[in-house]
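To start, the structure under review is shown below, and the notes come after it.
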Amino acid sequence: MKKLMMMALMAAAATTAFAQDAVVKEAKKLAAKGNFDEAVKLIKPALTSNETLDKAAAWNQYSDIYYKKYEKIGEVQAKSAVTHETFDTLGLYEAAVNAWEAAIKCDEFDQLPDAKGKVKPRFRSGAQTRFKLHGVQLVQAGQFEYQKKNYDAALKAWKLYVQMKETPIYANVADFQNPKDPFYYDITYYVAFLSYQQKLYDQAMAFAKKTAESDNPEKQKDASEIMLFAMKDNCKTQADSLNYLAYLKEQHKADPEESRYFNLLMDYYNHANDPAAKLAWIEEETTINPQNKLVWAVKGETMMNSEKWDEAVEAFKKAVEIDPQWTPCVFNIGICLNSKAIALNDQLADKKTMALTPENAEKVKAVLRDALVYLEKTRELDPDQLDTKWAYPLYRIYYSLQDKAKMAELEAIDPSLKN
Numbered sequence: 081m082k083k084l085m086m087m088a089l090m091a092a093a094a095t096t097a098f099a100q101d102a103v104v105k106e107a108k109k110l111a112a113k114g115n116f117d118e119a120v121k122l123i124k125p126a127l128t129s130n131e132t133l134d135k136a137a138a139w140n141q142y143s144d145i146y147y148k149k150y151e152k153i154g155e156v157q158a159k160s161a162v163t164h165e166t167f168d169t170l171g172l173y174e175a176a177v178n179a180w181e182a183a184i185k186c187d188e189f190d191q192l193p194d195a196k197g198k199v200k201p202r203f204r205s206g207a208q209t210r211f212k213l214h215g216v217q218l219v220q221a222g223q224f225e226y227q228k229k230n231y232d233a234a235l236k237a238w239k240l241y242v243q244m245k246e247t248p249i250y251a252n253v254a255d256f257q258n259p260k261d262p263f264y265y266d267i268t269y270y271v272a273f274l275s276y277q278q279k280l281y282d283q284a285m286a287f288a289k290k291t292a293e294s295d296n297p298e299k300q301k302d303a304s305e306i307m308l309f310a311m312k313d314n315c316k317t318q319a320d321s322l323n324y325l326a327y328l329k330e331q332h333k334a335d336p337e338e339s340r341y342f343n344l345l346m347d348y349y350n351h352a353n354d355p356a357a358k359l360a361w362i363e364e365e366t367t368i369n370p371q372n373k374l375v376w377a378v379k380g381e382t383m384m385n386s387e388k389w390d391e392a393v394e395a396f397k398k399a400v401e402i403d404p405q406w407t408p409c410v411f412n413i414g415i416c417l418n419s420k421a422i423a424l425n426d427q428l429a430d431k432k433t434m435a436l437t438p439e440n441a442e443k444v445k446a447v448l449r450d451a452l453v454y455l456e457k458t459r460e461l462d463p464d465q466l467d468t469k470w471a472y473p474l475y476r477i478y479y480s481l482q483d484k485a486k487m488a489e490l491e492a493i494d495p496s497l498k499n
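Under this note's numbering, residues 81 to 499 are what the sequence shown spells out, in order.
Following this line, the structure appears as structure tokens:
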């Protein structure tokens, strides 16, 4: 009895399996009649069913259905210039994409060893012939979807195009590998760009690396930018951050005149919460490129925030030597010297009375007079206070130096200074 039951179960399984393979044959008949959508609907369950004995054949037929659909619509498209017949553009490009995608899947099953452990591919040669010039259709499909703002579909089509040269189907086809199509690096860039927009950072970096292989300097630069920002936005671990920092420094070293890299380095160290590392980087930058006014300004701000007034003034003066019209740095020199005067006043004042000896008062005034030079220069460079708010600190120095005429002059401009 048990043996009979086992035989019955095996027979049922075989019947189901043969039924699935029969579905594939029926789908082929529908496609031959031009009923492509019905054929797809019929065959689709067989592609993933465990009862389908010949998955490679099923996927090959699935690919064939879409390829025939693509050819049929393509014939109408070719005649439309004369006949003015409308055609299914979306269906054309979706069929182009699906046909190649199914061919890849077919090849995966076609390369599996049989029961004896041997690989006997049946469909690879046909795919190599059929799809050898298919890359153009994938590029056009991506362009169509991109123009319709269907970015997921555009990314899929373009990614499949780029990866055609990497699939096992064409791995050993020498004349397919080189030379690359004239638009190859344009498409690798768009894949990288769309991947970045969709926050697929690892994918963005992978395709940006491909773009960087171009001998076009502009494409190399575009690729580096995507690499840079993908690495920046993908920092999840300390190792990620260090890799991003190393790449950023590499790009900065290669193109020191590009301010973006410097600004990104500054942003990195501003958020790193590591003052010692930031200062070490600043010192390195001032040595490597002493004519970079930005690094002197950053050093000045760093010293200023640490209330190291003399070092801040020295750094800002370096920046002003390079660019005498750089108003914010001129202003900051004045502010630092004013702050230095206040600190000196507190240091020299009598601890009980807070009074200064005449000698010490003169020391404070000397620093204030130095500050005055730079704040008056700021006023000259920025009379309408568009870049700096010099009026109040300048007024306070006039007050400290008891220059009533200058105080009155500023009060006439801004009466609120009296308060």
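Ideal placement from N, C-alpha and C gives every residue a C-beta, glycine not left out.
### Query
At what residues does the alpha helix (DSSP H) containing H332 begin and finish?
Within the sequence shown, numbered from 1, the residue matching residue 332 stands at position 252. Element bounds for H332: 318-334.
### Query
When the Cα of Y276 is compared with those of A441, F309, E381, E106, which residue comes out closest?
Sequence index remark: in the sequence shown, residue 276 carries index 196 (1-based). It is F309 whose Cα lies nearest to the Cα of Y276.
### Query
Any idea what DSSP makes of K469, helix, strand or coil?
Position 389 of the sequence shown, counted from the start, is the residue given in the question as residue 469. Note: K469 maps to coil in three-state DSSP.
### Message
So the candidates are L455, K149, D302; which of them puts its Cα closest to the Cα of V410?
### Response
By 1-based counting over the sequence shown, the position of residue 410 is 330. That would be L455, whose Cα lies nearest to the Cα of V410.
### Message
Going by beta-carbon coordinates alone, are P201 and D194 separated by less than 7 angstroms?
### Response
Taking the first residue of the sequence shown as 1, we reach residue 201 at position 121. Taking the first residue of the sequence shown as 1, we reach residue 194 at position 114. Against a cut-off of 7 angstroms, the Cβ pair of D194 and P201 comes out as no contact.
### Task
Please determine, among V162, K185, K228, D134, the residue with the shortest C-alpha to C-alpha distance to Y537.
This structure leaves residue 537 out entirely; the chain is present only between 81 and 499.
### Task
Have a look at A429 and W389 and give me their C-alpha separation to the nearest angstrom.
Indexing the sequence shown from 1 puts residue 429 at position 349. Indexing the sequence shown from 1 puts residue 389 at position 309. Each residue's alpha carbon lies about 19 angstroms from the other.
### Task
Could you tell me if I415 is buried or exposed, where buried requires 16 or more neighbouring beta carbons within 10 angstroms of its beta carbon?
Along the sequence shown, one-based indexing puts residue 415 at 335. I415 comes out buried.
### Message
For the structure I just gave you, are there three or more beta carbon pairs, one from the stretch 454-474 and one from the stretch 432-441, closer than 8 angstroms?
### Response
no
### Task
Tell me whether V393 is buried or exposed, calling it buried when 16 or more other Cβ atoms sit within 10 Å of its Cβ.
What you label residue 393 is simply residue 313 of the sequence shown in a count that begins at 1. Looking at its Cβ environment, which holds 16 or more other Cβ atoms inside 10 Å, V393 is buried.
### Message
Contact between the stretch 293-305 and the stretch 246-255 is defined here as three or more beta-carbon pairs at a separation below 8 angstroms; is this criterion met?
### Response
no
### Query
Along the chain, which unbroken stretches of the alpha helix (DSSP H) at least 4 residues long are found entirely within the stretch 108-133?
116-128
### Cβ neighbour criterion (16 or more within 10 Å) applied to N372
What you label residue 372 is simply residue 292 of the sequence shown in a count that begins at 1. Label assigned to N372: buried.
### Message
For I362 and T382, I'd like the C-alpha separation in whole angstroms.
### Response
What you label residue 362 is simply residue 282 of the sequence shown in a count that begins at 1. What you label residue 382 is simply residue 302 of the sequence shown in a count that begins at 1. Looking at the two C-alpha atoms, the distance is approximately 9 angstroms.
### Task
Pull up the CB-CB distance for V447 and L417, whole angstroms please, since I reckon it's below 8 angstroms.
Taking the sequence shown and counting its residues from 1, the one referred to as residue 447 is at position 367. Taking the sequence shown and counting its residues from 1, the one referred to as residue 417 is at position 337. Between L417 and V447 the Cβ distance is about 6 angstroms, and since that is below 8 angstroms, they are a contact.
### Message
Looking only at its chain, what residues have a beta carbon closer than 6 angstroms to the beta carbon of Q157, apart from the 5 residues adjacent to it on each side?
### Response
The residue given as residue 157 occupies position 77 in the sequence shown. So the qualifying residues of the chain are F167.
### Query
In three-state DSSP terms, what is K498?
Numbered from 1 along the sequence shown, position 418 holds the residue referred to as residue 498. Helix at K498.
### Query
Less than 7 angstroms separating the beta-carbons of A334 and I306?
In the sequence shown, residue 334 corresponds to position 254, counting from 1. In the sequence shown, residue 306 corresponds to position 226, counting from 1. In this structure, I306 does not lie closer than 7 angstroms to A334 by Cβ.
### Query
For Q371, which three-state DSSP category applies?
Here residue 371 is taken as the residue at index 291 of the sequence shown, counted from 1. Q371 falls in the coil class under three-state DSSP.
### Task
Starting from the Cα of A207, find the closest Cα among V242, W139, A112 and give me that residue.
To locate residue 207, count along the sequence shown from 1; it is residue 127. Minimum Cα distance to A207 is reached at W139.
### Task
Determine, using beta-carbon pairs with one atom in the stretch 141-152 and one in the stretch 107-121, whether at least three such pairs fall under 8 angstroms.
yes
### Query
Under a three-way DSSP split, which group does Q405 fall into?
As a first step, residue 405 is located in the sequence shown; it is residue number 325 there, counting from the start. Three-state result, Q405: coil.
#### Entry: Distance between beta carbons of A357 and Y349, contact taken as under 8 angstroms
The count along the sequence shown starts at 1 and reaches residue 349 at position 269. The count along the sequence shown starts at 1 and reaches residue 357 at position 277. With a Cβ gap of about 7 angstroms, Y349 and A357 count as contacting.
### Task
Measure how close the beta-carbons of Q141 and K108 come, nearest whole angstrom, since I'm counting them as under 8 angstroms.
For the purposes of this step, residue 141 is taken as residue 61 along the sequence shown, with counting starting at 1. For the purposes of this step, residue 108 is taken as residue 28 along the sequence shown, with counting starting at 1. The pair is a contact, with the Cβ atoms about 6 angstroms apart (cut-off 8 angstroms).
### Task
Could you have a look at C416 and say whether DSSP puts it in helix, strand or coil?
The count along the sequence shown starts at 1 and reaches residue 416 at position 336. Correct three-state label for C416: helix.
### Task
Rounded to whole angstroms, what's the CA-CA distance from Q223 to M311? Just pull it up for me.
Position 143 of the sequence shown, counted from the first residue, corresponds to residue 223. Position 231 of the sequence shown, counted from the first residue, corresponds to residue 311. Straight-line Cα distance between these residues: approximately 27 angstroms.
#### Entry: Whole-angstrom distance between F342 and A360, CA atom to CA atom
What you label residue 360 is simply residue 280 of the sequence shown in a count that begins at 1. What you label residue 342 is simply residue 262 of the sequence shown in a count that begins at 1. Straight-line Cα distance between these residues: approximately 15 angstroms.
### C-alpha distance - A137 paired with F116, whole-angstrom precision
Sequence index remark: in the sequence shown, residue 137 carries index 57 (1-based). Sequence index remark: in the sequence shown, residue 116 carries index 36 (1-based). Answer to the nearest angstrom: the Cα atoms are 17 angstroms apart.
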